[in-house]
Structure formats: C-alpha cells, structure tokens
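Position one of the sequence shown corresponds to residue 1 (full-length UniProt numbering), numbered consecutively onward.
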Amino acid sequence: MYMKKRAYSKYTLEAINLLAAQIKLGRKERGWTEEETAERAGISRTTLRKIEQGDPGCALGLVFEVATLVGIKLFDDPVPIRTQLQHAEDKIALLPQRIRIPEVDDDF
1 MYMKKRAYSK
11 YTLEAINLLA
21 AQIKLGRKER
31 GWTEEETAER
41 AGISRTTLRK
51 IEQGDPGCAL
61 GLVFEVATLV
71 GIKLFDDPVP
81 IRTQLQHAED
91 KIALLPQRIR
101 IPEVDDDF
C-alpha cells in the first residue's frame, strides 16, 4: 500500500532540527556514545540516530525522553507546567466530549 509522504511546515521542521541538534550536542557534551545513550533511553541506536537527524516520524515521547536524559530543559519550570496542565484539564472537562456537526434545516 502506497503511503503519502506527510508535509510539515518550515517552522515545524526548524523546531525539530533545533531540538535534534540540542540532543546531539547534549550527548556529546556528556561524553556519551550513541550506543550508551540509546541504552539509557531504552531505544535502538537506529532510533537515536533518527532523533538526532531530526526525523519528524520519531515518537514524541522518545524524543522528549532522550532530551531529558542529555540535560535539555523542555520547559522553564515544572511547577507552572503542572498548573497549566491542571487548567487545561479543567477546561477540557467543561467542554462536550463529542463535537457534533449541527444539522442544517434548509427546508424553506
């Protein structure tokens, strides 16, 4: 089955490449090999290479985990993150669970 290649915006690709470069830099500054870093993250070396090359198909959780391992701060302070997360969850709880398209009555 042929799969259409996904298109990403320029901004998204630049952000992915920036994070990938920061991960590679963090790993090298720690003096870790690809193999050692991959083992610490519980992933294969191939996956680590994809992350460091900025492959947008890598799982977000894996990318964040590797970034955390090499010392990249994803957010400034974890306390506001928890507060913002709680705020977002509270707002989501108030919204309907399903979004239904209203039926248009165009019978005049």
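Think of the CB as a built atom: it goes at the ideal place given N, C-alpha and C, for glycine as much as any other residue.
- The criterion of a C-beta distance shorter than 8 Å is not satisfied by TYR8 and PRO80.
- By the 16-neighbour rule on beta-carbons within 10 angstroms, GLY42 is exposed.
- For LYS50, the closest alpha carbon among the candidates LYS5, ALA21, ALA93, GLN86 is that of ALA21.
- Non-local beta-carbon contacts of GLU65 in its own chain, meaning distances under 7 Å to residues more than five positions away in sequence, involve ALA41 in chain order.
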